[in-house]
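Asker: Numbering (the numbering used here), first residue to last: 185 to 675.
For every residue, glycine included, the Cβ atom is placed at its ideal position computed from N, Cα and C.
Sharing a structure with you now.
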RNA sequence: CGGGAUUUAGUUCAGCCCGGUUAGAAUGCCUGCUUUGGGAGCAGGAGGUCGUGAGUUCGAAUCUCGCAAUCCCGACCA
């Protein structure tokens, strides 16, 4: 038994995470620092995230498009705040040709192939998109423009972790242009709702919907909406953002339209995105010391069926029982894998499907054939029971929904249990280190937030959209406050 | 950008202090037999420019110096 268990979460949470990502076959380190290879199983999960969101975007009238990877350097300096936010982490293309090394050692950059204007590998695409939208928009009849792109972006991070923070990552970025402020602001909120609905109902990750404080706001935005999730170690993770950009980019890139009254107006903008970071959120919300735990609505394989057999004849006999079950499940749209591989023992397969988070596992052998039974194991509770084959399809259909609901509830209960009010600065300083969300009063100034961050590493994760009005005193400055905001230590 | 560590088989590592036949183990892989209800067993087999460049030496995985890459912990950031 050379097989190694994961480091338990209680022992070293971040080591547990790193091992899980690799052992569940989701991703691995690449030859390039900070960049990851997403393996087929991990990518299958990402594809399901993509498919679910993409369908929801289209219901909102959003169309997909594609804008280039490379952005002229000059574009980035058009919006001052925006460039300040990203300048430190941009990769720059300076040359367009290689040549044989005159000293005979492979290839070198051809010094004569320097670009007239350097190109930036997109850290995000606002600038290239707005320089393009300028040409697309002339009349109120051209609005709104609702575009999204699925692509990669690059931010040269000092320190990276698979999925959570990589130098290159996959995401979608939606960019919309509207005639009025109200419409843009409303659209940004609608997209936040799309994210929250998807993340909660498909990924089973409970999220807080809120607004970012000025310090945490996207560079160049007037308002940043976000969904915040709580990981099992009590840290916060921003799972998605939607920005109301006002007219900042319209003004920087001179994007105007003519109103019905034939007056030129700047357009109003939004942008919104989620990234492969959602994979990190998924892992850290549900998984346990045995590996990944996937919500059935998202799992690439929802039901794995493991026949237990000695000879081919036995397998054939078992398959006559299994195949109809698999076919019925597939007909109901359930993703099933029948694992007939004979080079792995059943025990190995059990452990493997557990590590990969497959929600339901069925096992059936000679004993079951005699008894007309099948063993059903569920990943979320790690329990198994032997049930009659009759009615198994109905049982599984219901079980998948039960698992989906159960893991969402478990995550929600955890968040509730680890969210508390805090009204004393003394208490805050010790409580915040224990993890979880602290709902506190805040005087609304960036200075106070900055100071709190400096002293405790905690930031305001969001001002919840449903935060009730409540008079109180700022946890740090004692100045008056009208509602509680959520503080936490974040990824 | 600071601090620490690592670099030898596909993977995880031993060997280095104290230089010396053909560089080892486990696991994985291939072949055969036997097995299969929680990570099976036996036998055989393939697999290595010891990160890189110099130096010391009759001789370097091992000693010296340089360089690079990666990982972890901080600072910074989605």
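Nearest CA to the CA of residue 338: which residue from 332, 656, 313 and 307?
Answerer: In the first chain, residue 338 corresponds to position 154, counting from 1. Minimum Cα distance to residue 338 is reached at 307.
Asker: Are the beta-carbon atoms of residue 346 and residue 210 separated by less than 9 Å?
Answerer: If you number the first chain from 1, residue 346 lands on position 162. If you number the first chain from 1, residue 210 lands on position 26. Contact flag set, yes.
Asker: Keeping to the same chain, check which residues put their C-beta closer than 8 Å to that of residue 185; ignore five residues upstream and five downstream.
Answerer: Translated into the one-based positions of the first chain, residue 185 becomes position 1. Only weak support exists for where residue 185 lies, its pLDDT of 31 falling under 50; the coordinates are left without a value.
Asker: Three-state secondary structure (DSSP) at residue 370?
Answerer: Here the question's residue 370 lines up with position 186 in the first chain. DSSP places residue 370 in helix when its eight states are reduced to three.
Asker: Measure the Cβ-Cβ separation of residue 135 and residue 391 and say whether it is below 9 Å.
Answerer: For residue 135 there is no data in the structure shown, the boundaries of the chain being 185 and 675.
Asker: What residue ranges within the segment 195-274 form continuous alpha helix (DSSP H) runs of no fewer than 4 residues, ordered along the chain?
Answerer: Taking only runs of at least 4 residues, the alpha helix (DSSP H) segments lying wholly in the segment 195-274 are 197-207, 224-243, 257-260 and 264-270.
Asker: Looking at the unbroken alpha helix (DSSP H) that takes in residue 521, where does it start and where does it end?
Answerer: On the first chain, residue 521 is found 337 positions in, with the first residue counted as 1. Note, residue 521: premise wrong, no alpha helix (DSSP H); beta strand (DSSP E) at 520-522.
Asker: With a threshold of 8 Å, are at least 3 pairs of Cβ atoms found where one atom belongs to the segment 546-558 and the other to the segment 210-227?
Answerer: Segments in contact, no.
Asker: Alpha carbon to alpha carbon, what distance is there between residue 296 and residue 189?
Answerer: Along the first chain, read from residue 1 onward, the residue named residue 189 stands at position 5. Along the first chain, read from residue 1 onward, the residue named residue 296 stands at position 112. Those two C-alpha atoms are separated by around 54 Å.
Asker: Among the residues of its own chain, which have a CB less than 7 Å from the CB of residue 206, if the five just before and after it don't count?
Answerer: What you label residue 206 is simply residue 22 of the first chain in a count that begins at 1. Once the five neighbours on either side are set aside, the close Cβ partners of residue 206 are 212.
Asker: Report the partner residues of residue 409 according to the DSSP bridge assignment.
Answerer: Along the first chain, one-based indexing puts residue 409 at 225. Per DSSP, 395 and 426.
Asker: In this structure, does DSSP put residue 483 in helix, strand or coil?
Answerer: Looking up residue 483 in the first chain gives position 299. Residue 483 falls in the coil class under three-state DSSP.
Asker: If you run the structure through DSSP and keep just helix, strand and coil, what is residue 186?
Answerer: Within the first chain, residue 186 is the residue found at index 2, counting from 1. Its pLDDT being 38, under 50, residue 186 is placed unreliably in this model, and the value from its coordinates should be taken loosely. Coil, per DSSP.
Asker: Rounded to whole angstroms, what's the CA-CA distance from residue 194 to residue 596? Just pull it up for me.
Answerer: Taking the first residue of the first chain as position 1, residue 194 is located at position 10. Taking the first residue of the first chain as position 1, residue 596 is located at position 412. If you take the alpha carbons of residue 194 and residue 596, they lie about 20 Å apart.
Asker: Contact check, residue 266 vs residue 310 under 8 Å by CB: the rounded distance?
Answerer: Translated into positions along the first chain, residue 266 becomes position 82. Translated into positions along the first chain, residue 310 becomes position 126. The Cβ separation is near 6 Å, so the contact holds.
Asker: Does residue 537 come out as helix, strand or coil in the three-state DSSP assignment?
Answerer: On the first chain, residue 537 is found 353 positions in, with the first residue counted as 1. Of the three classes helix, strand and coil, the one that applies to residue 537 here is helix, per DSSP.
Asker: Within the segment 464-518, note down every full beta strand (DSSP E) run reaching 3 residues or more, in order along the chain.
Answerer: Segments of the beta strand (DSSP E) lying fully in the segment 464-518: 487-491.
Asker: Just to confirm the assignment: which complete alpha helix (DSSP H) runs, minimum length 4, are found wholly within the segment 597-639?
Answerer: With a minimum length of 4 residues, the continuous alpha helix (DSSP H) runs that stay inside the segment 597-639 are 609-615.
Asker: Would you list the one or two residues that DSSP bridges to residue 327?
Answerer: Sequence index remark: in the first chain, residue 327 carries index 143 (1-based). Per DSSP, none; premise fails for residue 327.
Asker: From 214, 262 and 368, pick the residue whose C-alpha is nearest to that of residue 433; which is it?
Answerer: Locating residue 433 in the first chain gives position 249, counting from the first residue. Cα-wise, what sits closest to residue 433 is 262.
Asker: Does the segment 565-577 touch the segment 458-465, meaning 3 or more C-beta pairs lie closer than 8 Å?
Answerer: Cβ pair count under 8 Å is below three, so no.
Asker: Do residue 269 and residue 402 have their C-beta atoms within less than 9 Å of each other?
Answerer: Taking the first residue of the first chain as position 1, residue 269 is located at position 85. Taking the first residue of the first chain as position 1, residue 402 is located at position 218. Yes; because the gap between Cβ atoms is below 9 Å, this pair is in contact.
Asker: Quick check on residue 579: does DSSP put it in helix, strand or coil?
Answerer: Counting from 1 along the first chain, the entry for residue 579 is found at position 395. Residue state, collapsed to three classes: helix.
Asker: CB residue 651 to CB residue 669, shorter than 9 Å?
Answerer: By 1-based counting over the first chain, the position of residue 651 is 467. By 1-based counting over the first chain, the position of residue 669 is 485. Yes, the Cβ-Cβ distance between residue 651 and residue 669 is below 9 Å.
Asker: Given that a residue counts as buried once 16 or more other Cβ atoms are within 10 Å of its Cβ, and exposed if not, what is residue 457?
Answerer: Here the question's residue 457 lines up with position 273 in the first chain. Result: buried.
Asker: For residue 532, does the count of other Cβ atoms within 10 angstroms reach 16, so buried, or fall short, so exposed?
Answerer: Counting from 1 along the first chain, the entry for residue 532 is found at position 348. Result: exposed.
Asker: Is it buried or exposed for residue 323, if we count other Cβ within 10 angstroms and need 16 for buried?
Answerer: Sequence index remark: in the first chain, residue 323 carries index 139 (1-based). Classification for residue 323: exposed.
Asker: Can you give me the C-alpha to C-alpha distance between residue 486 and residue 675, rounded to a whole angstrom?
Answerer: On the first chain, position 302 is the one that residue 486 refers to. On the first chain, position 491 is the one that residue 675 refers to. Approximately 29 Å between the Cα atoms of the pair.
Asker: Between 523, 290 and 237, which has its C-alpha nearest residue 356's C-alpha?
Answerer: The residue labelled residue 356 in the question sits at position 172 within the first chain. Of the candidates 523, 290 and 237, the one whose C-alpha sits nearest the C-alpha of residue 356 is 237.
Asker: Assess, as a yes-or-no matter, whether the segment 224-243 is touched by the segment 360-370 under the definition of 3 or more beta carbon pairs within less than 8 Å.
Answerer: Result no; under three Cβ-Cβ pairs closer than 8 Å.
Asker: To the nearest angstrom, how far is it from the Cα of residue 498 to the Cα of residue 471?
Answerer: Position 314 of the first chain, counting from 1, holds the residue named residue 498. Position 287 of the first chain, counting from 1, holds the residue named residue 471. One C-alpha to the other measures close to 35 Å.
Asker: Between the C-alpha atoms of residue 332 and residue 373, what's the straight-line distance to the nearest angstrom?
Answerer: Reading the first chain from its first residue, position 148 is the one you call residue 332. Reading the first chain from its first residue, position 189 is the one you call residue 373. Answer to the nearest angstrom: the Cα atoms are 16 Å apart.
Asker: Run through the DSSP bridge pairs and tell me what residue 282 is partnered with.
Answerer: As a working note, residue 282 is residue 98 in the first chain. Note: residue 282 sits in a beta bridge opposite 293.
Asker: Assuming residue 340 is part of the alpha helix (DSSP H), what are its boundary residues?
Answerer: Within the first chain, residue 340 is the residue found at index 156, counting from 1. Residue 340 -> no alpha helix (DSSP H), and no H or E assigned at all.
Asker: From the DSSP output, read off the bridge partner residues of residue 414.
Answerer: On the first chain, position 230 is the one that residue 414 refers to. For residue 414, which the question treats as bridged, DSSP gives the partners 420.
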